[in-house]
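Chemist: Pasting a structure here, questions to come.
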Ligand SMILES: [Zn+2]
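Numbering (the numbering used here), first residue to last: -5 to 315.
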C-alpha cells in the first residue's frame, strides 16, 4: 500500500508518503498556522501533491490518507473540536477538506491514538496489546486491546492524563483538580518548579537553567537531581510516585503486554522507568506488572508514522466492515 500521512501539530505539520511496513519514502514539514486551518491545509495539499510526485506516484496510487491531530477531536466527522493551541481549527472539517482535494479515503484520529497504532504496527513491541503514553507537555494514551484501538464512544478513551489521582491536588488545565497531567505533564511540572522558586525555594535547578526560570525544563531538573539538589530530588520523588500510581491503574484496568512511553521517558534514562517500576507494586498486582514490558519508545518519526498507521488502520477497519 502507498499511504499519505498528515501529522498536524501545534507548531508544525508533517507530511509523508510511506507504506504498510512503516517505511517512509519522502517527507516534509512546515509551520502550522494556528489561526487558519484553511491556509495551512491548502499549503499541505500542495506539498502532499509534490511529495506524491517525488515518490514517483500518482494520486490514484495512494491507497489511503491518515491524519493525526491534537485532541479533543471527532474521528467520525474528521474534525478538531477545540484545542487551545489551534484556535483557527475549531470544528473545521479537516477530513472533508483533504478528501475533496485528493478523492482518496481519509481517516483521522488523535495523535496519542495514532502513536499507539504506530507502536502496535512498527514499534519494538509490535503486535502486542499495548498502551502508548505520550509523556510530553501533556499526557495521553493510545490503547490497543485485543489488537484493536480503544478510542472510546466519542474519542475520549485514551484521555488518561485526566484521571484524578487526588481531589486535593493541583488545578489542571481541564478544570479538574489532581489530574495525573497536573502532576506529571512536562509543562505543569516545570510551572510548579517556577512557582516554588518564585516563593523563595533554593534549588540548583535555576542555576542549571542559566538563572532564567523560563528555561526550566526536565533536562535542568535531571541535572540538579544528579548533582544531589535536595529540592529537585524531593520534587522528582512526587513525580515518580504519581507516575507509578497512574501506570498502576492502567495495569489493573488493561493488563497489557507492554506500556511504551514517549518523550520524558526517552530522555529520563535510569531516573525514570526503573524508579517508577520499583514503586508500581503499591498500585497494581505483581502478576500484572510481571508480564508487562515497560519501555521508552524507540520509534523515530513517531508523528509521521502515527499518520501512516491511522491510514492503515482505517483501511483495515473498512475491510472488516
Ligand atoms: Zn485534567
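Cβ coordinates follow ideal geometry from the N, Cα and C atoms, glycine included.
Am I right that residue 267 and residue 243 are in contact with their C-beta atoms under 8 Å? What's the rounded C-beta distance?
Modeler: 17 Å between Cβ atoms; not a contact.
Chemist: Spatial neighbours of residue 295 within its chain, please: CB distance less than 7 Å, with the 5 preceding and 5 following residues excluded, ordered by chain position.
Modeler: Correct list, in chain order: 18.
Chemist: Kindly list the residues whose CB is nearer than 6 Å to the CB of residue 80, restricted to its own chain and excluding five residues on each side of it in sequence; keep chain order.
Modeler: Answer for residue 80: 28, listed in chain order.
Chemist: Indicate whether residue 305 and residue 96 have their beta-carbon atoms separated by less than 7 Å.
Modeler: Against a cut-off of 7 Å, the Cβ pair of residue 96 and residue 305 comes out as no contact.
Chemist: With the cut-off set at 7 Å, would you say residue 152 and residue 301 are in Cβ contact?
Modeler: No.
Chemist: Is the closest heavy atom of ligand 1 to the C-beta of residue 168 under 6 Å?
Modeler: Result yes, Cβ under 6 Å from ligand 1.
Chemist: In terms of alpha-carbon separation, which member of 138, 128, 106 lies closest to residue 119?
Modeler: Residue 138 is the option with its Cα nearest to residue 119.
Chemist: So what's residue 160 in DSSP terms, helix, strand or just coil?
Modeler: DSSP places residue 160 in coil when its eight states are reduced to three.
Chemist: Tell me the residue span of the alpha helix (DSSP H) that contains residue 44.
Modeler: Residues 31 to 48.
Chemist: For residue 63 versus residue 2, is the C-beta distance shorter than 7 Å?
Modeler: Yes, the pair counts as a contact, with Cβ atoms nearer than the cut-off.
Chemist: Is any heavy atom of ligand 1 found at a distance shorter than 6 Å from the C-beta of residue 173?
Modeler: Yes.
Chemist: By the three-class DSSP mapping on this structure, what secondary structure does residue 277 have?
Modeler: Coil at residue 277, not helix or strand.
Chemist: Quickly, what does DSSP pair residue 10 with across the bridge? List them, please.
Modeler: Note: residue 10 sits in a beta bridge opposite -1, 21.
Chemist: Give the DSSP-derived three-state secondary structure of residue 118 in the structure shown.
Modeler: DSSP places residue 118 in coil when its eight states are reduced to three.
Chemist: How about residue 145 and residue 126: are their beta carbons less than 7 Å apart?
Modeler: Cβ distance not < 7 Å, so residue 145 and residue 126 don't count as in contact.
Chemist: Would you call the CB atoms of residue 67 and residue 104 closer than 7 Å?
Modeler: Against a cut-off of 7 Å, the Cβ pair of residue 104 and residue 67 comes out as a contact.
Chemist: Given a threshold of 16 other Cβ atoms within 10 Å of its Cβ, counted over all protein chains shown, does residue 291 qualify as buried or as exposed?
Modeler: Under this definition residue 291 is a buried residue.
Chemist: Return the first residue and the last residue of the beta strand (DSSP E) that residue 101 is part of.
Modeler: Start and end: 100 to 104.
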